[in-house]
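In this note's numbering, the protein residues as written are 1 to 174.
Quick reminder that beta carbons are idealized off the backbone N, C-alpha and C, glycines included.
Since the structure is predicted, the reported quantities are computational estimates derived from the model, not experimental observations.
This is the structure we're talking about:
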């Protein structure tokens with residue numbers, strides 16, 4: 001009986017994840033990048049280690065970068081008014097100015113520190129990445145992985161390879 005409940009919960013989780021990622025993909029194709037990123041954040045809330053969510057998130061960010069390099073503004077959401085100069089959304093600053101590559105460098109350092117079991121220093125790097133983009137789900141996944149490894153180390157669990165709990169990050173975002 002208990003196993004059936006777990007299986008049903010897993011089926012619901014997979015179904016919710018699929019629906020969320022499908023909607024995020026549709027929003028991305030429509031050029032609604034902010035909405036698509038919101039949906040991938042929801043997907044990470046459902047399953048923080050979802051490879052599909054990470055790949056879609058990376059693709060959305062790549063398209064944002066590409067549109068920024070072309071000098072295009074992504075289409076505004078339906079019913080939204082255009083923003084005046086100086087009142088751009090905070091995420092606007094992340095488009096095309098190399099900030100994502102800076103985050104990737106910080107996260108790479110954090111992953112190296114995790115491998116060396118320097119958990120506090122790794123968390124300091126994660127904090128620096130959060131300062132740049134507090135809503136980046138890739139940062140949240142690494143943050144959680146570091147904390148899990150730290151807890152395992154403190155509790156005496158086998159931590160021969162702390163990387164085993166970190167799912168691979170998608171390639172560079174830009």
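Check, Outcome
"Helix, strand or coil at residue 153 [DSSP, three-state]", "helix"
"Member of 42, 43 and 30 whose CA lies at the smallest distance from the CA of residue 64", "30"
"Beta-carbon proximity of residue 48 to residue 151, cut-off 8 Å", "no"
"Through-space distance from residue 54 to residue 109, alpha-carbon basis", "19 Å"
"Contact under 8 Å by Cβ, residue 103 with residue 136", "yes"
"Delimiting residues of the alpha helix (DSSP H) encompassing residue 35", "33 to 46"
"Heavy atom of the ligand GDP within 7 Å of residue 71 beta-carbon", "Judged by which ligands are present, the structure shown has none, so any question about the ligand GDP falls away."
"Cβ pair residue 106, residue 129 closer than 8 Å", "yes"
"For residue 25, the nearest candidate out of 36, 132, 7 and 16 (CA to CA)", "36"
"With 16 other Cβ atoms within 10 Å as the buried cut-off, status of residue 50", "buried"
"Ranges of the alpha helix (DSSP H) found wholly within the stretch 105 to 143, counting only runs of at least 4", "119 to 132"
"For residue 146 and residue 114, the rounded distance between their alpha carbons", "6 Å"
"Cβ neighbours of residue 40 in the same chain (closer than 7 Å, five flanking residues each side left out)", "24, 53, 56, 57, 60 and 137"
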